[in-house]
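Visitor:
Protein chains: 2
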Amino acid sequence: MEISILDKEQLKTGYLLAALGESEFDAVVAHGTIRVLAPGERLFDQGDPCTHFFCVLSGIVKLCRVAPSGEEKVMDLVRKGHYFAEAVMFMGGRYPVHARALEVTRLAALENQHFLGLLRGNGDLCLRMLSSMSQRVHGLINEIDHLTLHSSAQRVIGYLLEQLPQGDAPASVRLIVPKHIIASRLGIQPETLSRVLAKLRAEHLIDVHDDTILLNDVEAMRRLS
Amino acid sequence: MEISILDKEQLKTGYLLAALGESEFDAVVAHGTIRVLAPGERLFDQGDPCTHFFCVLSGIVKLCRVAPSGEEKVMDLVRKGHYFAEAVMFMGGRYPVHARALEVTRLAALENQHFLGLLRGNGDLCLRMLSSMSQRVHGLINEIDHLTLHSSAQRVIGYLLEQLPQGDAPASVRLIVPKHIIASRLGIQPETLSRVLAKLRAEHLIDVHDDTILLNDVEAMRRLS
DNA sequence: GCCATGCATTGATTTAGATCAACCCCCCTT
DNA sequence: AAGGGGGGTTGATCTAAATCAATGCATGGC
Numbered sequence: 001m002e003i004s005i006l007d008k009e010q011l012k013t014g015y016l017l018a019a020l021g022e023s024e025f026d027a028v029v030a031h032g033t034i035r036v037l038a039p040g041e042r043l044f045d046q047g048d049p050c051t052h053f054f055c056v057l058s059g060i061v062k063l064c065r066v067a068p069s070g071e072e073k074v075m076d077l078v079r080k081g082h083y084f085a086e087a088v089m090f091m092g093g094r095y096p097v098h099a100r101a102l103e104v105t106r107l108a109a110l111e112n113q114h115f116l117g118l119l120r121g122n123g124d125l126c127l128r129m130l131s132s133m134s135q136r137v138h139g140l141i142n143e144i145d146h147l148t149l150h151s152s153a154q155r156v157i158g159y160l161l162e163q164l165p166q167g168d169a170p171a172s173v174r175l176i177v178p179k180h181i182i183a184s185r186l187g188i189q190p191e192t193l194s195r196v197l198a199k200l201r202a203e204h205l206i207d208v209h210d211d212t213i214l215l216n217d218v219e220a221m222r223r224l225s
Numbered sequence: 226m227e228i229s230i231l232d233k234e235q236l237k238t239g240y241l242l243a244a245l246g247e248s249e250f251d252a253v254v255a256h257g258t259i260r261v262l263a264p265g266e267r268l269f270d271q272g273d274p275c276t277h278f279f280c281v282l283s284g285i286v287k288l289c290r291v292a293p294s295g296e297e298k299v300m301d302l303v304r305k306g307h308y309f310a311e312a313v314m315f316m317g318g319r320y321p322v323h324a325r326a327l328e329v330t331r332l333a334a335l336e337n338q339h340f341l342g343l344l345r346g347n348g349d350l351c352l353r354m355l356s357s358m359s360q361r362v363h364g365l366i367n368e369i370d371h372l373t374l375h376s377s378a379q380r381v382i383g384y385l386l387e388q389l390p391q392g393d394a395p396a397s398v399r400l401i402v403p404k405h406i407i408a409s410r411l412g413i414q415p416e417t418l419s420r421v422l423a424k425l426r427a428e429h430l431i432d433v434h435d436d437t438i439l440l441n442d443v444e445a446m447r448r449l450s
């Protein structure tokens with residue numbers, strides 16, 4: 001499906017393409033398509049040749065890996081307005097993860113080769129790409145650090161604090177994905193997540209109403225994480 | 226200390242600067258300096274402002290993080306001919322890890338700003354940088370995957386296989402860093418590493434002589450990892 | 001020579017978290 | 001209303017790896 005005016009607006013405001021000129025932007029988007037995925041539907045698998053990068057327009061995409069045993073580890077959850085697989089574009093090789101929709105999801109699929117062509121002539125864009133990839137590197141280093149140096153409770157707390165909107169308004173977090181997905185994202189079992197939340201509740205650090213979690217003492221939790 | 230002709234050769238053959246023209250290369254290296262670190266000496270700390278990137282000329286640099294508890298996790302071991310902290314250059318911000326010499330180590334310190342200036346005028350170099358950072362992203366994703374989806378034995382085996390020189394010559398690995406550093410690199414305790422190696426030895430998968438390890442059945446180990 | 005220090009190995013014990021299992025609750029279908 | 005499935009919680013048990021502890025074994029200083 002072709003990309004509508006409205007969707008173009010959204011693509012333009014995302015960080016990746018924000019600073020492109022009119023004609024450059026059009027060049028990248030011209031060959032792009034819109035895809036709509038059903039819940040659970042496959043976008044690509046680990047090992048597939050990498051031809052496109054994507055921007056989520058609505059819904060959620062899960063990036064994960066699967067162990068030989070069949071167990072899966074969620075590497076990232078990509079939401080509306082965020083790009084993914086841009087970092088992989090350059091090796092030209094293959095996607096390092098599986099991508100699946102978690103719910104009905106609309107996304108824009110943009111062709112690597114057109115974007116690469118653009119980069120060749122736009123040093124400034126290159127630098128911004130480098131910066132964003134550097135940020136990803138930082139993020140991944142952080143992740144490793146958390147997985148090895150922090151307990152499961154600390155990781156859960158860290159995740160909750162990350163989800164917190166910046167304003168120091170009512171500190172509440174909405175879990176928009178099923179808990180077992182979050183558990184995998186954190187590298188723990190659903191049961192463990194459940195127990196950790198129960199414990200935090202018992203200590204009055206959080207209150208849980210359905211899928212929203214109220215953080216009663218952000219400072220205390222920051223000290224713990 | 227200034228950079229000698231000999232060291233320049235080494236810098237030039239490293240992947241980062243390999244494809245620079247004569248004048249470009251000189252521009253980057255002109256403001257660079259050589260540093261010699263004693264074993265254990267600090268190069269920079271996590272949180273220090275990021276002003277330089279580095280190339281190891283001899284010796285080994287350890288990149289690590291420290292938990293609130295004081296325990297440390299080795300994120301990477303950088304050896305002769307390899308660059309580090311180039312990925313961080315672009316955010317301009319701060320180093321995300323501590324850097325320490327493990328033994329007497331010589332390295333070249335190059336200024337971010339000169340390299341960035343160069344990138345601005347060299348789209349091709351930009352693309353190569355992007356590719357190398359993409360590789361780093363892949364590597365880190367792999368690492369996370371191993372830390373969450375694989376047992377300690379599998380990680381040890383994976384590490385040994387990684388260290389293997391490509392040729393299918395005698396499959397032996399030389400452990401050039403102390404075992405407890407490798408253990409941290411793998412996210413396990415030294416005792417556990419010792420036990421894993423003992424077990425592999427008992428199963429005749431490896432032979433250990435001092436600090437060199439002979440892999441008797443690479444295929445079998447590949448299946449296990 | 002002797003002692004101190006740091007690394008590695010091995011054994012005993014503990015523990016965080018995984019696994020196994022039962023159950024509930026909510027929503028959907030028929 | 002009955003049945004059924006998925007997700008979540010809770011409890012009991014198990015296990016991989018951490019921790020604690022003792023010993024061996026080099027190396028270096030004096």
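If you read the sequences in order, they're chains A and B.
Letter by letter, the first sequence follows residues 1 to 225 in the numbering used here.
Letter by letter, the second sequence follows residues 226 to 450 in the numbering used here.
Glycine included, C-beta positions come from ideal geometry on N, C-alpha and C.
Small disclaimer: the values here were computed from a predicted structure and weren't measured.
Please identify, using Cβ separations under 8 Å, the residues of the stretch 351-384 of chain B that lie next to chain A, in order along the chain.
Guide: Cβ contacts with chain A: 351, 352, 354, 355, 356, 358, 359, 360, 361, 362, 363, 365, 366, 367, 368, 369, 370, 372, 373, 374 and 375.
Visitor: DSSP three-state label for residue 238 of chain B, please.
Guide: In the structure shown, residue 238 of chain B sits in a helix (DSSP, three-state: H, G or I).
Visitor: Using a beta-carbon distance cut-off of less than 7 Å, what residues from the stretch 55-86 of chain A approach chain B?
Guide: Here the close residues are 65, 67, 71, 73 and 75.
Visitor: Is there contact here, the stretch 54-62 of chain A with the stretch 361-368 of chain B, by at least three beta-carbon pairs under 8 Å?
Guide: Short answer: they don't touch.
Visitor: In the DSSP assignment, the beta strand (DSSP E) including residue 107 of chain A goes from what residue to what residue?
Guide: Unbroken beta strand (DSSP E) run through residue 107 of chain A: 105-111.
Visitor: Please identify the residue among A/27, A/81, A/171 and A/203 whose C-alpha is closest to the C-alpha of residue 117 of chain A.
Guide: Considering only alpha carbons, the answer is A/27.
Visitor: Is there a Cβ from chain B that is less than 9 Å from the Cβ of residue 102 of chain A?
Guide: Closer than 9 Å: no.
Visitor: Measure the C-alpha to C-alpha separation of residue 439 of chain B and residue 132 of chain A and round it to an integer number of angstroms.
Guide: The straight-line gap from Cα to Cα measures roughly 42 Å.
Visitor: Any C-beta of chain B sitting closer than 9 Å to the C-beta of residue 218 of chain A?
Guide: With 9 Å as the cut-off, residue 218 of chain A does not count as an interface residue toward chain B.
Visitor: Kindly indicate which three-state DSSP category residue 196 of chain A falls into: helix, strand or coil?
Guide: Here residue 196 of chain A sits in helix by DSSP.
Visitor: Ignoring anything shorter than 4 residues or poking outside the stretch 28-109 of chain A, list the alpha helix (DSSP H) runs there in chain order.
Guide: The qualifying runs do not exist here; there are none.
Visitor: Taking only beta carbons into account, state which residues of the stretch 8-31 of chain A come closer than 9 Å to chain B, listed in chain order.
Guide: Correct list: empty, as no residue qualifies.
Visitor: In whole angstroms, give me the CA-to-CA distance for residue 448 of chain B and residue 434 of chain B.
Guide: The straight-line gap from Cα to Cα measures roughly 24 Å.
Visitor: What does residue 433 of chain B reach in chain A if we use C-beta pairs closer than 9 Å?
Guide: Those within 9 Å of residue 433 of chain B in chain A number zero; the least Cβ separation is about 26 Å.
Visitor: Count Cβ pairs between the stretch 302-322 of chain B and the stretch 252-267 of chain B that sit closer than 8 Å; are there 3 or more?
Guide: The answer is no - the stretch 252-267 of chain B does not touch the stretch 302-322 of chain B, with fewer than three Cβ pairs under 8 Å.
Visitor: Determine, using beta carbons only, whether residue 349 of chain B comes closer than 9 Å to chain A.
Guide: Answer yes: the Cβ-Cβ gap between residue 349 of chain B and chain A drops below 9 Å somewhere.
Visitor: For the putative contact between residue 238 of chain A and residue 187 of chain A, defined by C-beta atoms under 8 Å, what is the C-beta separation to the nearest angstrom?
Guide: As displayed, chain A neither begins before 1 nor continues past 225, which places residue 238 of chain A out of reach and without an answer.
Visitor: Between the C-alpha atoms of residue 409 of chain B and residue 299 of chain B, what's the straight-line distance to the nearest angstrom?
Guide: Going from the Cα of residue 409 of chain B to the Cα of residue 299 of chain B covers about 5 Å.
Visitor: Hey, how far is the Cα of residue 259 of chain B from the Cα of residue 229 of chain B?
Guide: For residue 259 of chain B and residue 229 of chain B, the distance between alpha carbons rounds to 9 Å.
Visitor: Once DSSP output is grouped into helix, strand and coil, what is the label at residue 435 of chain B?
Guide: Residue 435 of chain B: coil per DSSP, three-state reduction.
Visitor: Going along chain B, which residues have a C-beta under 7 Å from residue 96 of chain A?
Guide: Residues of chain B passing the Cβ test: 363 and 366.
Visitor: Taking the DSSP output, what are the residues bridged to residue 399 of chain B?
Guide: DSSP, once it has assigned bridges, lists B/437 as partnering residue 399 of chain B.
Visitor: Hey, could you find the ends of the alpha helix (DSSP H) residue 151 of chain A is sitting in?
Guide: First-last for residue 151 of chain A: undefined, no H or E at that position.
Visitor: Is the CB-CB distance between residue 421 of chain B and residue 377 of chain B below 9 Å?
Guide: Going by C-beta atoms, residue 421 of chain B is nearer than 9 Å to residue 377 of chain B.
Visitor: Can you give the beta carbon distance from residue 50 of chain A to residue 85 of chain A, rounded, assuming they're within the 8 Å contact cut?
Guide: Right, the Cβ-Cβ distance comes to about 7 Å (below 8 Å), so this counts as a contact.
Visitor: Can you tell me whether residue 231 of chain B is buried or exposed? The criterion is at least 16 other CB atoms within 10 Å of its CB, across all chains shown.
Guide: Residue 231 of chain B should be labelled exposed.
Visitor: Along the alpha helix (DSSP H) that carries residue 182 of chain A, what are the first and last residues, could you check?
Guide: That run of the alpha helix (DSSP H) goes 179-185.
Visitor: Closer than 8 Å by beta-carbon distance: list the chain B residues that pair up with residue 298 of chain A, in chain order.
Guide: The requested residue 298 of chain A is not part of the displayed model; chain A covers only 1 to 225.
Visitor: If you measure from the beta carbon of residue 346 of chain B to each beta carbon in chain A, is any gap under 9 Å?
Guide: Residue 346 of chain B counts as touching chain A.
Visitor: Buried or exposed: residue 416 of chain B, going by 16 or more other Cβ atoms within 10 Å of its Cβ?
Guide: It counts as exposed.
Visitor: So which residues of chain A does residue 315 of chain B contact, with C-beta pairs closer than 7 Å?
Guide: The answer, in chain order, is 127, 130, 131 and 134.
Visitor: Classify residue 295 of chain B as buried or exposed, calling it buried when 16 or more other Cβ atoms lie within 10 Å of its own Cβ.
Guide: Exposed: under 16 other Cβ atoms inside 10 Å.
Visitor: Name, please, each residue of chain B whose Cβ falls closer than 7 Å to the Cβ of residue 187 of chain A.
Guide: Chain B residues near residue 187 of chain A: 373.
Visitor: Take residue 237 of chain B as the anchor and find which of B/414, B/436 and B/308 has the nearest alpha-carbon.
Guide: Comparing Cα positions, the closest option is B/308.
Visitor: Could you name the residues of the same chain whose beta carbon sits closer than 8 Å to that of residue 112 of chain A, not counting the 5 residues immediately before and after it, in chain order?
Guide: Closer than 8 Å at Cβ, skipping near neighbours: 50, 51, 52, 53, 89 and 92.
Visitor: Residues in its own chain within less than 8 Å of residue 201 of chain A by CB, not counting five upstream and five downstream?
Guide: Excluding positions up to five away in sequence, the list reads 207 and 208.
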